[in-house]
């Protein structure tokens, strides 16, 4: 059963000159943790705002829990939780006051749904009298998540909750999402960090308003075999330059200390690269054939869609 | 310290009882790409503000581009470049206007500005966009222009605060090409990032934990020291031990 259904949704701004979403379609199943992955400007926020009834699409159709995002907006607003990318709580209310306010607006109490937020709330409870505007980034994020959860939503929309967050805190945040998912909440989360794809049941790769790929990470990777090699040498800067010089090499991009090199034909890359780079005087060469990761695939899809 | 562009010794900054930066000592050499990592709340921003001449330390020593952070902070501001995702360009000015505005602020003469603006537009391949509002350009382009503007006055050092956040994977790598080029030209690069693969591109990396520098070495040295396969693992090992966090 699908909880979110998006059919040919199109959205433009500035009298049609800026295309935010180009006929986007997908479905999210009930209880799924679904990731929208793409850089700034991909259309993630526009999509979230349409699904949470805050923005009208130019055309197309979308449903949340069987309700129409245009006609049934008041019903949808009662059953979804939305955490915008930009902090949008009341800066001049305290943690406690913000939380109570949101519970009251949704006709419930903090006590009634405390079990949903307890694990997150205890971390900010020592500061409950502090004004939201005076909180650190991490605390604001936790308060916003509590406020989005306090009415026990069926579907939770999280717009870039981990942007600008360090790698340790990002992992902790995703662990928290796993536990919310275990409670049966459908979660749609957007992120510019490609490595977070592995934390989602399924993902949509979004770029310039178009879905480039949509499936589980494993299936997407299996669909895009590449003649791909990881190459390392003593002089990394020279290596990067030299790999860009020969037509047999389709693309080369830095991945940490290595270059990921895609070869044009199905030639034996290890042999070819070894010979090519040795002839140019490179030492300390390490070359191995690798399976592409999500970022390799995103780059490939971007190049194909240019 | 003859060839060091940044020198700190026991540099400390307190806010009341809270020790944001706790006796950090390090040097950054000319032309080096120095990665400044740490968890949210570890003290990176405070340290960076001191080094940019925006905040006075409580105690300890620091010199940036040869100038003292206590007495010569105005000189520091003239000799550095700065770029972050939050503060980069004016959206409602055109590309050309932004270049001229920031070039003017950094003290370039009218003639220098004129020449440099055209050279820069040429080099970035932005002929058709030069008179468009910056707000209408994709983020990746803004970041590239913003970086170019930050080094327009040929500073000794450029501070980059999470320059690649939210940028697509290709543009992110093109941005690092620009960093390499600048370093190659002798500009020292001081950069913060939450992308651990980018830490690998730095010549040396420091990792702050609870206000102190918990580790500082080349990426290879750090991976060896912490018996880690990549910088992500190094970071996790160090930052997991942190007592204070952003909460």
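Residue numbers (the numbering used here), protein chains in the order written: chain R, 117 to 422; chain C, 91 to 337. Glycine included, C-beta positions come from ideal geometry on N, C-alpha and C. Every value quoted in this text rests on a predicted model; they were computed, and no experiment measured them.
Contacts around residue i, its chain only, beta-carbon distance under 8 Å, and the 5 residues preceding and following it disregarded
{"i": "residue 91 of chain C", "result": "With a pLDDT of only 49 at residue 91 of chain C, under 50, the local geometry of the prediction cannot be trusted, and no value is derived from it."}
{"i": "residue 204 of chain R", "result": "260"}
{"i": "residue 308 of chain C", "result": "293, 294 and 295"}
{"i": "residue 326 of chain C", "result": "none"}
Proximity below 7 Å, CB of residue i to CB of residue j
{"i": "residue 322 of chain R", "j": "residue 154 of chain R", "result": "yes"}
{"i": "residue 332 of chain C", "j": "residue 299 of chain C", "result": "yes"}
{"i": "residue 224 of chain R", "j": "residue 267 of chain R", "result": "yes"}
{"i": "residue 144 of chain R", "j": "residue 120 of chain R", "result": "yes"}
{"i": "residue 264 of chain R", "j": "residue 197 of chain R", "result": "yes"}
{"i": "residue 132 of chain C", "j": "residue 173 of chain C", "result": "no"}
{"i": "residue 350 of chain R", "j": "residue 397 of chain R", "result": "no"}
{"i": "residue 268 of chain C", "j": "residue 237 of chain C", "result": "yes"}
{"i": "residue 306 of chain C", "j": "residue 324 of chain C", "result": "no"}
{"i": "residue 117 of chain R", "j": "residue 146 of chain R", "result": "yes"}
{"i": "residue 340 of chain R", "j": "residue 415 of chain R", "result": "no"}
{"i": "residue 157 of chain R", "j": "residue 228 of chain C", "result": "yes"}
Terminal residues of the beta strand (DSSP E) in which residue i lies
{"i": "residue 375 of chain R", "result": "374–379"}
{"i": "residue 334 of chain C", "result": "Where residue 334 of chain C is concerned, there is no enclosing beta strand (DSSP E), given that its DSSP letter is neither H nor E."}
{"i": "residue 117 of chain C", "result": "108–119"}
{"i": "residue 264 of chain C", "result": "Element bounds for residue 264 of chain C: not the beta strand (DSSP E) but the alpha helix (DSSP H), 259–274."}
{"i": "residue 385 of chain R", "result": "Element bounds for residue 385 of chain R: not the beta strand (DSSP E) but the alpha helix (DSSP H), 385–395."}
{"i": "residue 178 of chain C", "result": "Per DSSP, residue 178 of chain C belongs to no beta strand (DSSP E) and is neither H nor E."}
{"i": "residue 97 of chain C", "result": "94–105"}
{"i": "residue 298 of chain C", "result": "294–299"}
{"i": "residue 323 of chain R", "result": "318–323"}
{"i": "residue 199 of chain R", "result": "196–199"}
{"i": "residue 150 of chain C", "result": "149–154"}
Residue i - containing alpha helix (DSSP H), residue span
{"i": "residue 289 of chain R", "result": "283–298"}
{"i": "residue 194 of chain C", "result": "185–195"}
{"i": "residue 164 of chain C", "result": "163–169"}
{"i": "residue 200 of chain C", "result": "200–213"}
{"i": "residue 282 of chain C", "result": "Not the alpha helix (DSSP H): residue 282 of chain C falls in the beta strand (DSSP E), residues 278–282."}
Own chain, CB closer than 7 Å to residue i, minus 5 neighbours either side, in chain order
{"i": "residue 403 of chain R", "result": "345, 347, 386, 389 and 390"}
{"i": "residue 135 of chain R", "result": "128 and 325"}
Contacting residues, own chain, Cβ-Cβ under 6 Å from residue i (five flanking each side not counted)
{"i": "residue 149 of chain C", "result": "102"}
{"i": "residue 293 of chain C", "result": "122 and 123"}
{"i": "residue 145 of chain C", "result": "139"}
{"i": "residue 394 of chain R", "result": "none"}
{"i": "residue 405 of chain R", "result": "345"}
{"i": "residue 218 of chain R", "result": "263 and 266"}
{"i": "residue 229 of chain R", "result": "266 and 268"}
Rounded Cβ spacing between residue i and residue j (contact assumed at less than 8 Å)
{"i": "residue 104 of chain C", "j": "residue 113 of chain C", "result": "With 8 Å as the limit, residue 104 of chain C and residue 113 of chain C do not qualify as a contact, their Cβ atoms being about 11 Å apart."}
{"i": "residue 94 of chain C", "j": "residue 119 of chain C", "result": "6 Å"}
{"i": "residue 364 of chain R", "j": "residue 151 of chain R", "result": "Actually they are not in contact, since the Cβ atoms of residue 364 of chain R and residue 151 of chain R sit about 35 Å apart, beyond 8 Å."}
{"i": "residue 319 of chain R", "j": "residue 407 of chain R", "result": "In fact, because the Cβ distance is near 17 Å, the residues do not count as touching under 8 Å."}
{"i": "residue 210 of chain C", "j": "residue 189 of chain C", "result": "6 Å"}
{"i": "residue 246 of chain R", "j": "residue 285 of chain R", "result": "Their Cβ separation, rounded to whole angstroms, is 19 Å, which puts residue 246 of chain R and residue 285 of chain R out of contact at 8 Å."}
{"i": "residue 234 of chain C", "j": "residue 214 of chain C", "result": "6 Å"}
{"i": "residue 149 of chain R", "j": "residue 333 of chain R", "result": "Going by Cβ atoms, the distance from residue 149 of chain R to residue 333 of chain R rounds to 12 Å, so no, they are not a contact pair."}
{"i": "residue 99 of chain C", "j": "residue 115 of chain C", "result": "5 Å"}
{"i": "residue 369 of chain R", "j": "residue 330 of chain C", "result": "Going by Cβ atoms, the distance from residue 369 of chain R to residue 330 of chain C rounds to 30 Å, so no, they are not a contact pair."}
{"i": "residue 303 of chain R", "j": "residue 296 of chain R", "result": "6 Å"}
If you pair each beta-carbon of the segment 162–176 of chain R with each one of the segment 126–135 of chain R, do three or more pairs fall below 8 Å?
yes
So, do the segment 234–242 of chain R and the segment 209–218 of chain C have three or more beta carbon pairs nearer to each other than 8 Å?
Verdict: no, contact absent.
Between the segment 279–287 of chain C and the segment 248–258 of chain C, are three or more C-beta pairs nearer than 8 Å?
yes
Spell out a yes or no on whether the segment 179–187 of chain C and the segment 154–171 of chain C are touching, meaning 3 or more CB-CB pairs, one atom from each, closer than 8 Å.
no
The segment 270–288 of chain R / the segment 321–340 of chain R touching (three or more Cβ pairs under 8 Å)
no
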